[in-house]
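Visitor:
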Amino acid sequence: VTLYESTNNNIESDLIPLKTAYKNYIDQELEFLNSSAGKQASDYWQKKLGGELPILELPTSSARPSIRTYNGKTIKSTIGSELSQKIQQLAKTLEVKPEEIILAVFKVLLYRYTGEEDILVGLLQSRENKPVIEGVVGNFTNVKVVRNSVLYDTKFTDFSHQVSKAIFETNNYRNYPYALLVQQLQSVDLSHYPICQVAFGYHKSPEILRSNKLEFEYYKLPQHKVDFELSLEVTELPNILSIEFKYNSDVLEAKTVTQIAEHFQNLLTEVVKSPTTPVGKLSMLSEAERWQILGVWNDTKKDYPQGLCIYQLFESQVEKTPDAIAVIFGEEKLTYSQLNNKANQLAHYLQKLGVKPESHLGICVKRSLSMAIAILGTLKAGAAYVPLDASYPSERLAYMMTDAQVSVLLTQESLETSLPQHQAQVVCLDRDWSGIEEFSTANLSSEVTPENLGYIIYTSGSTGKPKGVAMSQRALVNLIMWQQEEAAVGEGARTLQFAPISFDVSFQEFFATWYSGGTLVLVSQEIRRDSFALMAFMVEAQIERIFLPFVALQQLATVAPQCQALPPLREIVTAGEQLQVTADLAALMNRLPHCKLQNQYGPSESHVVSVYTLQGAAENWPKLPPIGRPIANNQLYIFDRDLQPVPIGVPGELYIAGVSVANGYLNRPSLTAERFIKIPLPSPLERGDSYKTGDLVRYLPDGNIEFLGRIDNQVKIRGFRIEIGEIETTLSQHATVKEAVVLAREDQPGNKRLVAYIVPETASTQDIVPQLKQYLKEKLAEYMVPSAFVVLSALPLTPSGKVNRRALPAPDISSFSQSDNFVAPRDRLEEKLAQMWSEILNINPVGVKSNFFDLGGHSLLAVNLMAKIQQHFGKQLPLSTLLTNPTIEDLGHLLRGDSQVSSSSLVPLQTQGSKQPFFCVHPAGGHVFYYQGLSHYLGGNQPFYGLQAQGFGENEEVFTKVEDMAEFYIKTIQEFQPQGPYQIGGWSFGGVVAFEMAQQLLQQGVEVSLLALLDPWVPILLDPNKEIDNLYMRGVLSRYFGGMFGVTDLVTEDELLGLNSEEQIEFIIDKAEQLKLFPQEATREQNRRFVDVIIGTLKATYTYKRRPYPGKVTVFRAQEKHPHGIDSQLVWVEMYAILDVADMEVVMVPGNHFTFIKEPNTQVLAERLSEHLS
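Quick note on our numbering: the sequence shown kicks off at 15 and runs consecutively.
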């Protein structure tokens, strides 16, 4: 303004020249960091923020980018004068600052949205060095982290004081640079912002500029880049507060942030109205939101025959279609009339034995028509049936029968002797049938009512004992009536009976079929377990409807492409675990255009309570479909821990109310009272209680509900609900176990397994794992026995003393070696290979179909293996052989001469897919093992071929010129792919060769559609005629051995003095062998070839003559410098100066030159590279 006015008035400005510059600010920063105050600040923040930091998971509607981005947008609003004044008043009353009130409300909002108690917010402030920066233009803001806990029962007045205290505590350390703190704490999570994901800034009213002739108005430029996932910036304006929510637009949606802004205002209003309210009870929702969530989306009332029992629905169908086939098993079948007669005979017989309403009858039969007769007969007699699986351990069956007070056990003669001791009367349906069929076939008169129990199904229990869920007839009638109305199949449809009767979905299979007059088709146990056989069975049986858990459905989808014919399915119902729309499943559904896929949800305590139907083109379906909306006469509520309804998109616990809720747990009043509770709602429900599921869910904007996981330690494996606590309790009762923790891990996508972590009582752990496996098999169901056991000296703990489950290590792949797919060696050759694998991988046993690399093998171990093979079998296989033949079975074929051994430089790492192949040149070491992970993450539709160096095999010449290598590799890829365009690339030295290949291809008039240089070396021309000297030889070591092994002083210049080139090479090999840098089994000849290849590739680098490149180069640059590598910054100064290219794009990838090709960075590199591959 001063300059404008002085110029306008043609007078000299009275501005005083600045005495300081931005450099003075930098100097002061450095002085502070090197001072004792800087050291104290560093120590403070390291202590305050050391260890594992919580992550705020704000509600996202799509997959979070694997690498954090910085694209941003802003949502603006204002706080009116009335509310602003009340905030000022409250701050004065509480003796805190207004900004501290607002920050406290923001923290409460974050707590209510995420459930995270330990809240870290970055406070945006300027540094305290105003005399130095006065008048200087530059960035002087800093972030200090305000960390404190939010507890739901804390009064807001108390919490605001806690926030004020937390801010004051950090004031002495506010000048410590946040950027330096981020660097020092080294977060390994690349998808979230480091330290804290949210920030808060409070700005005083800006000074209004004044001029005689001009009016000024502040205008904030749109912000397109953000440094946090979400930040709240409040600015004081006359009488009002300006609110800006800045957010990462790749993570959060505008509608989500708009909702957050509205709830923030609602909380502010609540706080000034009732500041002593506990923070967990402050209302966030508007009345309209509450009504939509609690009322509109739960308006499910529908008429159903409330006076009927489930067996009466069956009897009504018997009257309609007495001669229709009700059930088939193999060659046996029963019509509705026949099944009704046999069930009536059994029911009369049971009533004579004293069976009446509320009697509990055990059913333990093999898959047969007897299952149907037993279930129907029990229900007609007025009793509840208790399914008992004969495969369960005797101790578990005995407990269930005792707990349920089973008065009569229906079984078969072949099973009777295998059952545990019990007090029940035994009725063998095969042996005793001649007496049973003497009874009347007439329908019974029974005193059973809809309030009586229909069945008691036992599920896993956290106390170490299973718990019996008692389900009423009323709930079951409502379910079947709803299922019939929703069914996509008509009357008389054929339904597969797949589930064991101990699984509640079996009830749907039986009675949904019978109520519609359909035919239930039972399948044998052998066919159930074989997906190919099951598909063929369904085709032959003309199955129209199936109820399958996701795992079984996915197995069918996997084999479907190999099946020419499919069954005439019109409805597939899946439940029991999260449905995933895989590529195989989508392909199957596209082949079944008239089939509806229903995703049903419901725990055993309510059976099915919600549904989401998928129809139309499967490629448009969500990958993880929601669980839908409530079925008829049921309500689903999502609450936080204080039973407050949560907003749309915010995770909370699911509560089920309505007709379907079970009567509770049998003989477990305290547990029933804990899980079946009354919920505070403005309107009464049809049933007083709701079931607290322990499932974490959230509302989607359309009212459907999305399943997110479990709040407690309960998991679903292969459709079975498992209480982790039951397994942990049982393990802890073993004499050798001091502590035990069990996790459900999914280290491989789609392959969830139980893993037990054991701390033994004594140091000796010999044979403890086999003992524990056998012990658990005797105590628990098969599906509850962990797949792997990890023995630890102690369990990792959090600072609060709890078990740090995140820090528990992934089990060795060997823990799973004897999986369902395990195939033992079948002859002496395979036995010898398995022995070699066991010795090298330290795994026993090894199956012939196990993948060497899946079991932990890598390039150095591969050299060991090939050396052993050469020593024992006298046959030299190229190292690349293992990439294309990674199993014992594959290698056995090669060693027997059944398959051809390829000696080509072209190594197929991934041959499937329709995309244009990518050819990737080896780095200085010559091998292409390093590209395995990259090819994997690029996916099954991207062919990937490595180009391996010449020189490893006998009589193979080592190339020493980049031009010769490029010419040779072009011929190699053109033999495979004669016509362009080509996609080529290479890592490190491979990038140099790829650069030259592109030059030569363009000279041939062939198109190069992608030239991808993966952190390449910059060629520096040396005298090609000069003999390799000491300095050069040490350069070889520093670059290769230093980078790969961290050994920078393998040889010194003095040690190489007086030695010629050959002697230097031999001396280097001697030292490397002494330090065991080479694979243990490698021969001297193999080691020499290895070093020769490295020397050849490096010499080729230093003699390469660069030329301008007329095309585009895409460079994938590693962000960090390796401690033993070259300075990446200097290299990139050279790269831009030396490479003369028409177009260069630089893509940043986390990691250094040697780690960005390894986990966890490989996946990121693959994602970035895939964006450029055609």
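Note that beta-carbon positions come from the ideal geometry of N, C-alpha and C, so glycine has one too.
In the DSSP assignment, what are the bridge partners of W1001?
Guide: Position 987 of the sequence shown, counting from 1, holds the residue named residue 1001. Note: W1001 sits in a beta bridge opposite L1028.
Visitor: Measuring alpha carbon to alpha carbon, tell me which of K347, N354 and K316 ends up nearest K334.
Guide: As a first step, residue 334 is located in the sequence shown; it is residue number 320 there, counting from the start. Taking only the C-alpha atoms, the option nearest K334 is N354.
Visitor: Just to confirm the assignment, what range does the beta strand (DSSP E) spanning E1189 have?
Guide: Residue 1189 is absent from the model: the chain starts at 15 and stops at 1188.
Visitor: Fully enclosed by the segment 251-337, which beta strand (DSSP E) runs are 3 residues long or longer?
Guide: Complete beta strand (DSSP E) runs here, min 3: 254-262.
Visitor: Whether or not the segment 165-172 and the segment 20-38 are in contact is what I'm after, with contact meaning three or more pairs of Cβ atoms, one per stretch, closer than 8 angstroms; do they touch?
Guide: No: fewer than three Cβ pairs fall under 8 angstroms.
Visitor: Quick one: residues in its chain with C-beta nearer than 6 angstroms to the C-beta of I13, no 5 flanking neighbours on either side, listed in chain order?
Guide: Beyond the ends of the chain as shown, which are 15 and 1188, falls residue 13; an answer cannot be given.
Visitor: Looking at R559: is its Cβ nearer than 7 angstroms to the Cβ of V503?
Guide: On the sequence shown, position 545 is the one that residue 559 refers to. On the sequence shown, position 489 is the one that residue 503 refers to. Yes, they are a contact pair.
Visitor: Take E85 and list the residues in its own chain whose beta-carbon comes closer than 8 angstroms to its own, dropping the five residues that flank it on each side.
Guide: Along the sequence shown, read from residue 1 onward, the residue named residue 85 stands at position 71. Going by the sequence as given, residue 85 is Asn instead of Glu. Cβ within range, chain order: H238, K239, V240, N262, S263 and D264.
Visitor: What is the DSSP secondary structure of F517, reduced to helix, strand or coil?
Guide: What you label residue 517 is simply residue 503 of the sequence shown in a count that begins at 1. DSSP places F517 in coil when its eight states are reduced to three.
Visitor: Tell me, which residues are paired with T92 by DSSP?
Guide: Stepping through the sequence shown from its first residue, residue 92 is reached at position 78. The partner list for T92 (beta bridge, DSSP) reads S256.
Visitor: Is the segment 521-531 close to the segment 543-550, with three or more CB pairs under 8 angstroms?
Guide: Touching, no, given that fewer than three Cβ pairs across the two stretches are closer than 8 angstroms.
Visitor: Taking the alpha carbon of N253 as the point to measure from, which residue in S219, D726, P892 and H362 has its own alpha carbon closest?
Guide: By one-based count along the sequence shown, residue 253 stands at place 239. The option with the nearest alpha carbon to N253 is S219.
Visitor: Check this for me: beta carbons of L1024 and H1167, under 7 angstroms apart or not?
Guide: As a working note, residue 1024 is residue 1010 in the sequence shown. As a working note, residue 1167 is residue 1153 in the sequence shown. Not in contact: L1024 and H1167 (Cβ atoms no closer than 7 angstroms).
Visitor: Going by DSSP, name the residue or residues bridged to K87.
Guide: Reading the sequence shown from its first residue, position 73 is the one you call residue 87. Per DSSP, Y261.
Visitor: Whole angstroms are fine: how far does the CA of M1158 sit from the CA of W305?
Guide: As a first step, residue 305 is located in the sequence shown; it is residue number 291 there, counting from the start. As a first step, residue 1158 is located in the sequence shown; it is residue number 1144 there, counting from the start. Answer to the nearest angstrom: the Cα atoms are 57 angstroms apart.
Visitor: If you draw a straight line from the C-alpha of R605 to the C-alpha of Q924, how long is it?
Guide: As a working mapping, residue 605 is identified with position 591 in the sequence shown. As a working mapping, residue 924 is identified with position 910 in the sequence shown. Between R605 and Q924, the C-alpha separation is close to 27 angstroms.
Visitor: So is E700 buried or exposed if we call it buried at 16+ other beta carbons inside 10 Å?
Guide: Along the sequence shown, read from residue 1 onward, the residue named residue 700 stands at position 686. At E700, the pLDDT of 46 sits below 50, so the modelled position is not reliable; the number obtained from the coordinates is stated separately. It is exposed - the Cβ of E700 has fewer than 16 other Cβ atoms within 10 Å.
Visitor: Determine the burial state of L869: buried for a count of at least 16 other Cβ atoms within 10 Å of its Cβ, exposed for fewer.
Guide: Counting from one through the sequence shown, the residue named residue 869 turns up at place 855. Label assigned to L869: buried.
Visitor: Name, in chain order, the residues that DSSP records as bridge partners for M485.
Guide: On the sequence shown, residue 485 is found 471 positions in, with the first residue counted as 1. Answer by DSSP bridge pairing, in chain order: Y469.
Visitor: Candidates T455, A489, D544 and V976: which alpha carbon is nearest I645's?
Guide: By 1-based counting over the sequence shown, the position of residue 645 is 631. Per the Cα distances, A489.
Visitor: Quick test of the definition: if touching needs 3 or more C-beta pairs under 8 angstroms, does the segment 801-808 touch the segment 780-792?
Guide: Counting Cβ pairs under 8 angstroms, three or more are found: they touch.
Visitor: For K793, which of helix, strand or coil comes out of DSSP?
Guide: Translated into the one-based positions of the sequence shown, residue 793 becomes position 779. Residue state, collapsed to three classes: helix.
Visitor: Run through the segment 357-424 for me and flag every whole beta strand (DSSP E) of 3 or more residues, listed as ranges in chain order.
Guide: Entirely contained in the segment 357-424, the beta strand (DSSP E) runs reaching 3 residues are, in chain order, 374-378 and 398-401.
Visitor: Can you tell me whether DSSP reads D709 as helix, strand or coil?
Guide: For the purposes of this step, residue 709 is taken as residue 695 along the sequence shown, with counting starting at 1. D709 falls in the strand class under three-state DSSP.
Visitor: I need the straight-line Cα distance from Y669 to P480, nearest angstrom please.
Guide: Within the sequence shown, the letter at position 655 stands for residue 669. Within the sequence shown, the letter at position 466 stands for residue 480. Roughly 22 angstroms between the two C-alpha positions.
Visitor: Please report how far the alpha carbon of P931 lies from the alpha carbon of G1000, in whole angstroms.
Guide: Against the sequence shown, residue 931 aligns to sequence position 917. Against the sequence shown, residue 1000 aligns to sequence position 986. Answer to the nearest angstrom: the Cα atoms are 14 angstroms apart.
Visitor: Within 10 angstroms of its Cβ, does S30 collect 16 or more other Cβ (buried), or is it exposed?
Guide: Along the sequence shown, read from residue 1 onward, the residue named residue 30 stands at position 16. It is worth fixing the name first, because residue 30 is Ile in this sequence and not Ser. With fewer than 16 other Cβ atoms within 10 Å, it is exposed.
Visitor: Within the continuous alpha helix (DSSP H) that includes A749, where are the two ends?
Guide: The residue labelled residue 749 in the question sits at position 735 within the sequence shown. Run containing A749: none; DSSP gives neither H nor E here.
Visitor: Out of T392, C378, P112 and K929, which one is the CA nearest neighbour of E427?
Guide: Locating residue 427 in the sequence shown gives position 413, where the first residue counts as 1. When only C-alpha atoms are compared, the closest one is C378.
Visitor: Taking C-alpha atoms, which residue in E633, S373, R910 and A876 lies nearest to P900?
Guide: Here residue 900 corresponds to residue number 886 of the sequence shown, with the count starting at 1. The candidate whose alpha carbon is nearest that of P900 is A876.
Visitor: Using 7 angstroms as the threshold, is the C-beta distance between A395 and Q435 below it?
Guide: Stepping through the sequence shown from its first residue, residue 395 is reached at position 381. Stepping through the sequence shown from its first residue, residue 435 is reached at position 421. For A395 and Q435, no; Cβs fall outside 7 angstroms.
Visitor: If I measure Cβ to Cβ from L72 and keep anything under 7 angstroms in the same chain, skipping five residues before and after, which residues do I get?
Guide: What you label residue 72 is simply residue 58 of the sequence shown in a count that begins at 1. So the list reads Y127, T128, E243, L244 and L266, once near-sequence residues are dropped.
Visitor: In terms of residues, what are the limits of the alpha helix (DSSP H) holding G52?
Guide: Within the sequence shown, the letter at position 38 stands for residue 52. S50 to L63 is the extent of the alpha helix (DSSP H) around G52.
Visitor: Using a Cβ-Cβ cutoff of less than 8 angstroms, which residues in the same chain neighbour C599 once the five nearest sequence positions on both sides are dropped?
Guide: Stepping through the sequence shown from its first residue, residue 599 is reached at position 585. With the sequence shown as reference, residue 599 is identified as Leu, and Cys is not the correct amino acid for it. Here the set comprises L567, Q568, A571 and A632.
Visitor: In the DSSP output, which residue or residues are listed as bridge partners for C934?
Guide: What you label residue 934 is simply residue 920 of the sequence shown in a count that begins at 1. According to DSSP, C934 bridges with G960 and G999.
Visitor: Quick check on DSSP: helix, strand or coil for R759?
Guide: Within the sequence shown, the letter at position 745 stands for residue 759. Reduced to three states, the DSSP call for R759 is strand.
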